[in-house]
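In UniProt numbering, the protein residues as written are 1 to 110.
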């Protein structure tokens, strides 16, 4: 009988340890997912702000937004036929990966 009680207590201890590890892993995954969502919202917010800025103010506004947050913004000019514009690549480090958002702004016609 004593042996059965020891085996049952050992099983209970092992099962409790496994349950705690699974619970901790889930909490870590939830935290990582929440941080990734926060970072995704941050780059989408920056992209939305830059989409409403007049074309001639893009450089200055992008520099200000980059200085006030942890996002990196790179701009490259492009042209397609007679249309010119800027391609903005907005990125942020999120955990072990990099999140990116592309924004294409066309030069405003006069």
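Think of the CB as a built atom: it goes at the ideal place given N, C-alpha and C, for glycine as much as any other residue.
A straight-line Cα-Cα distance of about 15 Å links residue 80 and residue 103.
For residue 42, the closest of 99, 83, 30 and 108 by C-alpha to C-alpha distance is 99.
Secondary structure of residue 71 (DSSP, three-state): coil. Minimum Cα-Cα distance from residue 105 among the listed residues 52, 71, 96 and 32 corresponds to 52. For residue 86, the pairing in a beta bridge is given by DSSP as 77 and 105. By the Cβ neighbour-count rule, residue 39 is buried, with 16 or more other Cβ atoms within 10 Å of its own. Under DSSP, residue 99 takes part in a beta bridge, and its partners are 92.
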